[in-house]
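In this note's numbering, the protein residues as written are 1 to 138.
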């Protein structure tokens, strides 16, 4: 425990402060694909439909993953309890929940493809008050 309370020199400090440090986002590998995640704009909603057909027609788009591609697979994960889908299946439970994933030859194409994915939602009521949530009334 000699390290607690002691200043430790950072061997990467110079590279970081001078902008020379390399990060994963800086890497380019031949044949590498770029991914983007389409996230729900709503905090609580039933996902009625997802149409990725136009995105898949875009040159440079390699794949679009939606709930329709998960048939027969277990879409759940969790550190303690496997209760969180890695991509929304029947409904979204929080704003920003992943709804679709795009893989494309470059980031610009992936972003353009995301704009072409059509998602229909039926908005559901939101409980944002702790007391109301604990009461079970919401």
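Ideal Cβ placement from N, Cα and C applies to all residues, glycine included.
Cβ neighbours of residue i in the same chain (closer than 6 Å, five flanking residues each side left out)
{"i": "residue 117", "result": "38, 52, 55 and 100"}
{"i": "residue 78", "result": "84"}
{"i": "residue 65", "result": "101"}
{"i": "residue 71", "result": "none"}
{"i": "residue 60", "result": "104, 105 and 109"}
Per DSSP, cross-strand counterpart(s) of residue i
{"i": "residue 118", "result": "51"}
{"i": "residue 35", "result": "103"}
{"i": "residue 98", "result": "39"}
Own chain, CB closer than 8 Å to residue i, minus 5 neighbours either side, in chain order
{"i": "residue 46", "result": "90, 91, 121, 122 and 124"}
{"i": "residue 68", "result": "50"}
{"i": "residue 21", "result": "12 and 15"}
{"i": "residue 76", "result": "82, 83, 84, 85 and 86"}
{"i": "residue 74", "result": "82"}
Residue j beta carbon less than 8 Å from that of residue i
{"i": "residue 103", "j": "residue 131", "result": "no"}
{"i": "residue 105", "j": "residue 33", "result": "yes"}
{"i": "residue 119", "j": "residue 50", "result": "yes"}
{"i": "residue 133", "j": "residue 127", "result": "yes"}
{"i": "residue 30", "j": "residue 97", "result": "no"}
Contacting residues, own chain, Cβ-Cβ under 7 Å from residue i (five flanking each side not counted)
{"i": "residue 58", "result": "109, 112, 113 and 116"}
{"i": "residue 42", "result": "92, 95, 121 and 123"}
{"i": "residue 48", "result": "120, 121 and 122"}
{"i": "residue 25", "result": "none"}
{"i": "residue 36", "result": "102, 110, 111 and 114"}
Discussion item. Under 8 Å: do the region 79-96 and the region 3-10 share three or more Cβ pairs, one atom per stretch?
Written reply: Contact fails: fewer than three Cβ-Cβ distances are below 8 Å.
Worksheet item: If you scan the region 40-87 from start to end, which runs of the beta strand (DSSP E) of 3 or more residues do you find wholly inside it?
Response: List check, beta strand (DSSP E) in window: 45-51 and 61-65.
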